[in-house]
Amino acid sequence: TRITGRVTDTHGQALPGVTITLKGSTNATATTATGAYTFSAQRTLTKNDVLVFNFLGFQPQEITFNGQQELNIQLLEDTRSLNEVVVTALGIKREEKSLGYAAQTIKASAVEDAKTNNWVNSLSGKVAGLNIQGTGSGPMGSSRITLRGENSLNLDNNQALIVVDGVPVSSKITGTGFKAHLATDSPVDFGSDVSDINPDDIASITVLKGPGATALYGSRAAGGALIITTKTGARKDGGIGVTYNLNASVDQVNRWPDYQYEYGEGRTTAYYSYGDSADGINTSTGAAAGRAWGPKFDGQSYFQYDPNTTNNLAATRTPWKANPDYIKGFFQTGSTITNNLSIEGGTDKSSARLSVSHLDNKWIVPNTGYQRSSVALSVNQKVSDKLKISGKATYTNKQSDNLPSAGYNNQTLMYFLAIGTAPNIDHNWFKPYWQPGLVGVQQKNPFNPGPDNPYIDLYEDLNKMNKNGFIGTASADYQFNSKLNLMFRTSLDMSNEFRSQQRPYSITKYPKGSYREQNVFNYEVNNDVLLTYKDKVGEKIDFSFNAGANAMKQSYNFAGIYADQLAQPGVYQLSNSLDPAVADPQRSQKAINSVYAATQWSYNNAIFLDLTGRNDWSSTLPYGHNSFFYPSVSTSFSLGDMFTLPKQISFAKLRLSYAQVGNDTRPYQTTKYYDKIYSNTFTNSATLFNPNLKPEITSSYEAGLDLRFLNNRLSTDVTIYRNNSRNQILAIPLDPTSGYSSALVNAGLIESNGVEVVLRGTPVSTPNFSWNATLNWSRNRSYVRELADGLNSQVIYSHDGNVTIEARVGGRMGDMYGRGFQRSPEGKVIYSSTGLPAPLDATAKVWGNAFADWKGGLLNEFSIHKVRVSFLLDYQHGGSMFSQSNHKYNTLGKTKVTLPGRDGGIVGDGVVLGSDGVYRPNTVKVSAASYYENYYAINNAETNVFDASYLKLREARIEFNLPAKWLGKSGFKSASFAVYGRDLFNITKFPGFDPEGGNLNSGTLTPGVELMQFPSARTMGINLTLKL
Amino acid sequence: SCTKNFEKINTDPNRPTEVNPGVVLGQMEYRFVNSSISAARDFTHELMQVDAPRSSSGNGVHRYVINPGTGVWNSFYTLLADVNVVINSADRLKEKNYRAIGLVYKSWAYSMLTDVYGDVPFSEATKASDGNVQPKFDAQKDIYTQILKDLDEANTLFDDTKALTYGGDNLYPSNTLTSGKNVGIQRWKKFGNTLKLRLLLRLSKRAAEMNTDAQINAILSDATKYPVFSSNADEGVYKFPNVYPYFNPYYTARQLDWRDGTYYTKFFLGNLNTWNDPRRAIWAIPVSGVYQGIDSGYPTTVEYVVGKNSSYTDALKTASNTGVMITYAEEEFIKAELALKGYNTGKTARAHYEAGIAASMTQWGVSLPTGYLQQTGVNLDESTSVATRLEQIITQKYYAYFFNDYQAWLEKRRTGYPVLPRGTGIPAENQFPNRIPYPTYLQSLNPVNLKAAVAAMGGDNSNVKVWWDK
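These protein sequence lines are chains A and B, in that order.
Whatever position you read off the first sequence (first residue = 1), add 7 for the numbering used here.
Whatever position you read off the second sequence (first residue = 1), add 19 for the numbering used here.
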């Protein structure tokens, strides 16, 4: 009997190398490169015979012979193959079964399918315990990646380490030195090396969540690690493989604050007048200062702005009406087009893959966006039976002609939109942004003179960048014999970035313009050597031993040159500096040398034991006391191999681990230095150095249970952990009369407890229809147990004192403190006799926590014939955010919440304390303007901190795979077409744009406080993949 | 593992571990006046009814509500650490002139701290690197005693034959010699003695126990040993060069913040209007041709319209001469008061008074109009009572103190002049402040010493009088 056919995966992709075996015999064959096979039975088959299709990484399929001559099979991917190989710390590949700690692997499709500007953001909702914190600062979409909460009081220490093919890649955001709230200039999100990675080159990502998994990485991975493996060339006996991918998407603002369009500019509802007019004195421009407490749009006419007269004063009254585009008109539909082409091939001795990619982004804010081009090469060569050499290199160029300034300040669009305009104003009136006859010299700002003209912000205040980055690794692997292996690897992450910021004459913060340049050079080299010995003791005990060493060196060189007054307007060159241009050099170096050893033991392939130890010497710690050691132990018990489990349980694993990871500090903290000020003078440092600093130490306990039922159709993986971080390096406040405002000390204990649950199910699994569902759920609580002696609170972030994120002993990490209303014993708001809320309660209280209570992501994937459908729901419960947008929009009367009481005033709901000590209801009516200005005042955290819970339709995607017969002789092996959307719905009670906000404070992404974030966008796109 | 080059790797390539006094002095001088003149603009001008906020629904300085820790506390203590660096590096390098300039700054800054807050950390302050992170507070009397000694030491150290070896002085031309003499150092010496005269006068209620008469007479009688300011050229005004980084700190202030939120008061403009004072046009913007002010201490329901009253001119944002520390005009007004009280200053009180007015005009770039001094209210009629003449002197001194840190308030506390109208919106229980309460963070960062100081002072509110005011 002969049977022919083709084996594909559920996407219709050919599967070469699938073995087809007649059950109970050795009679077998395999599929070719196109997935085709011919099975020649050595005997006549009957209806009792079963053919078994087997392929690594796929669920085996058994087909009962039914007289078929053609048998086309779709194999389902086995998402939880028992002997799945997981890439762990240092790139050591391990069987998942043997791991004593939580590791979650995500497929390439997670970052390829529904693309976003920063691939990191595609991980949201897909990993239990992973938190992606965006800031809404611009097209680069920089975000903070944390695992298992916040263990260090220094927010920058809590980010996960990103390792690409063994190369630690910098997630450092080099800021321009400005904070997000009212600095001279505003921060710009220039992205990081991590955000430059091309998602099309990613093959898989393993998330190592805790210190148990990352102990071998040493101090840098105290916050967990994302281990990225990029694509390599696959063996293509039939020739080369070519893949072309086109991704095109559009972005639109997906959510607006609830703006009102019923009342116009002014502080009085009596009348409106642009400039002094027959109706009365000016109620617009500086007199209104961005307020929308003016008259109702009621069909009346006023003297308004006239773009056609020389002084813009209207000669006649014109109808008073709202302009629904007065804010929305400043945004556009963004677009991103990505082209990606890869070529790969290989033989039994070597393989190679080359990919080129180009991305062109135009963002939702006019005249902003960026382009990214990258080339990646991966080669593997078996030089001899024992020696393998491989190398990977990625070159990336990223450039932008303008990235927007972010934050609350002059020069940012969002600041202008809050305080510079009002519903009666036509956004086109701002378009001639120079005064007539004074082009390039004097801006025209016809309304509130506070913020700069928005079109100056967009078209003249340019922030440019051009970055060249290289990530590469070369390794040699020598297999002495079947037991002993030596690996040597050197890897490099290097980038050089040129930036410039230009500001024209007459903008508020730079009356004579400004031009700044920065060259930012980042360099990290790692040299690793790793010796591995594997052997057996008897039949049942396997063991291996690894010993290695690592030498890491980092260099950072920031060379800023500033011309903050220009001799000639509009000429953006350093030579055009009115004063001598000022240099701002910042260089730093850091080195860590390490040795480590690890050993793994297994008994009967059922009980596994890992021990690791690592010693680091860090240059940043006091010389002579810079050595620190930390161990880990982890165990895994495969219960099915130890006991007889009920038939329904197909797999059960219990894991336990304990680990310590140390963490060093920034360079140059252990000696006294004088701080540079004004480029060439010096001042006593504000922070008292500490010659006795010790490393921070995080200890972690973790237990997990992995249970799979019904032939792996249902599985659950539960992890609980506790992390204790001690000896934190803190800058504690000092009485400034001591001459220093802070001192570096080792102190504190942060305890993080959490639970992570991954639940997977395959409710339906047939060749023509399958349904996979994955639920990721996690909850983390980080408590502040101790601080330095006598210190009860450590401020982690302060929004100019209006709200602070503080670590207080006994409190949680991320607690947000601020002031609120005074309350009577009955809990009513206390009003003063004037009808406005009494001065705020002097005692700061907790109004929320910057971090979520729990997060959940639900991914559903359906396969229906050649069509794949998937959607991802992402939910955050709790977490709070202070909204500067809310404060500003409400105090200026721009939102619907400020409508009640506009006509006739408002009697606030509260009580007044009489001189007799009795509280009586407030009866004094005040104007809506003074009521809301007072109620939503910036220092009132009670009315400006909001629950940041949200439910988002994070991704939705439909993919069609063209049937092979359609492709016919076109030469394409496969073709697929997909339509996708990201962030399609954002259901939340948060009043600002997006509850997933934060702010970019120089180079630190700060959660919990949004300072005029940009709107969040919904992305809709198509994706076309062709394979030759 | 090899760490032999780690010490080098962990040595900052951008910051020095040792500095000379020249690279510290310039920024320190600039930052001191930035802080002191913002205290003038934000606090003294509002309290002393130079200006008032356009709208003020809360409490406000003009209603005598003084928040703890406002003012120069943080900035001055930070900069006093730099003064220490100047003095210590000067000692290391045997540079007497730098040490003397450091002592003058130390005296100027600590006298202001103690005048504003009362007892403050002094003898143990700025010694964190020696291990003292919670300094004790010294009694005001002890602080004054040491300041007067320090100023004497500075007076003897100044050497006008030597240029400042490492440069750095931006206040006076003391980095180089002019015809073999250091004119800048000569002026520094005058600065120190004029400051000493200011402080001795401030101690008038404690004259006996501090033996101030002898010290005042010593200065007045020996101009060679104790030279004081003798012309506007000597004045202690930090002149902003308006090149990076030494801009007038307000040069980028927005209209919103600079003049739409604050207006001059009726009180302040009233006298200037009566006297037709030429300084008026330098300081204030006319509205429809007139200089018009608002009330201070108005009720919370009042809100003034934008742009309809006089506020600070935009020229003051970039003016080079607002960095006022101690002026020749003040020196003449000090002498006028001393002469009035019978000290031998060599001239009459009236002569000093008129020279003070003329010096202030010159300082602000205008000339004394003919007939100005003869006007009623300006004319110092020697037939009137001493109290009346003192009021006139201090009132003119008040105008001469424009942008001069806390001095107008300190003199008001000492003399009671000028007499300020009390706004109808000031709650009855609010008193004109005698000091600023300590910063609240001291309660957690230096609690024991704070408690002792509060006990010694007799409380920590703005009604408590400091030692020289009792």
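For every residue, glycine included, the Cβ atom is placed at its ideal position computed from N, Cα and C.
Identification of chain B residues near R594/A by a Cβ-Cβ cut-off of 9 Å yields D31, P32 and N33, ordered along the chain. Taking a C-beta distance under 8 Å as the contact criterion, V127/A and V214/A do not qualify as a contact pair. Across the structure, Q607/A and G545/A are spaced so that their CA atoms are roughly 16 Å apart.
Burial check for L394/A: the Cβ neighbour count within 10 Å stays below 16, so the residue is exposed. In the structure shown, the three-state DSSP call for W778/A is strand. In the structure shown, the three-state DSSP call for P740/A is strand. Residue pairing by DSSP leaves A48/A without any beta bridge partner.
A distance of 8 Å or more separates the beta carbons of G711/A and T723/A. Nearest to G312/B by C-alpha distance, out of E143/B, Y283/B and Y265/B, is Y283/B.
Shown here for A237/B: same chain residues with a beta carbon closer than 7 Å to its own, the five before and five after excluded, namely Y245 in chain order. When rounded, the separation of the alpha-carbon atoms in G479/A and R101/A is 24 Å. Between the alpha carbons of S831/A and S922/A lies a distance of about 14 Å. In this structure, the beta-carbon distance from V171/A to I204/A falls below 8 Å.
As a beta-bridge residue in DSSP terms, D500/A pairs with I478/A and E531/A. Around the C-beta of Q442/A, fewer than 16 other C-beta atoms lie within 10 Å, and the residue is accordingly described as exposed.
Annotation: Cβ neighbours of E26/B in chain A (cutoff 7 Å, chain order): Y630. Annotation: Y747/A to T694/A spans about 6 Å, alpha carbon to alpha carbon. Within the segment 609 to 629 of chain A, the residues whose Cβ lies closer than 7 Å to some Cβ of chain B are W624, S626 and T627, listed in chain order. For I234/A, the pairing in a beta bridge is given by DSSP as V170/A and T213/A. Where I413/B is concerned, the enclosing alpha helix (DSSP H) starts and stops at V405 to A419. By the criterion of a C-beta distance shorter than 6 Å, N734/A is surrounded in its chain by K701, E703, I704 and N753, once the five residues flanking it on both sides are discounted.
Here the alpha carbon of F65/A sits roughly 32 Å from the alpha carbon of V640/A. Within the segment 741 to 765 of chain A, the residues whose Cβ lies closer than 9 Å to some Cβ of chain B are L741, D742, P743, T744, S745, G746, Y747, S748 and A750, listed in chain order. In this structure, R369/B is the residue among A378/B, R369/B, W383/B and L409/B with its C-alpha nearest to the C-alpha of Q393/B. The Cβ of Q418/A sits no closer than 8 Å to any Cβ of chain B. Distance from D571/A to S521/A at the Cβ level is roughly 5 Å; contact confirmed, criterion being Cβ atoms closer than 8 Å. Runs of alpha helix (DSSP H) with 4 or more residues, each lying fully within the segment 868 to 911 of chain A, are found at 891 to 898, listed in chain order.
In summary, H632/A is exposed, with fewer than 16 beta-carbon neighbours lying within 10 Å of its beta-carbon over all protein chains present. In the structure shown, A935/A falls within a helical segment according to DSSP collapsed to helix, strand and coil. With a cutoff of 8 Å on beta-carbon distance, I56/B and V343/B are scored as near each other. Proximity of the segment 1019 to 1028 of chain A to the segment 980 to 998 of chain A meets the contact definition, three or more beta-carbon pairs being nearer than 8 Å. Cα atoms of N719/A and M501/A: separation of roughly 43 Å, rounded to the nearest angstrom. In terms of Cα proximity to L1007/A, the closest of N164/A, G414/A, L29/A and I234/A is G414/A. Flagged as an interface residue toward chain B: Y681/A, by a C-beta distance shorter than 8 Å. For a Cβ distance threshold of 8 Å, residue set K679, L695, G746 and Y747 of chain A lies close to S148/B, ordered along the chain. For E356/B, the enclosing alpha helix (DSSP H) stretches over residues Y347 to L359.
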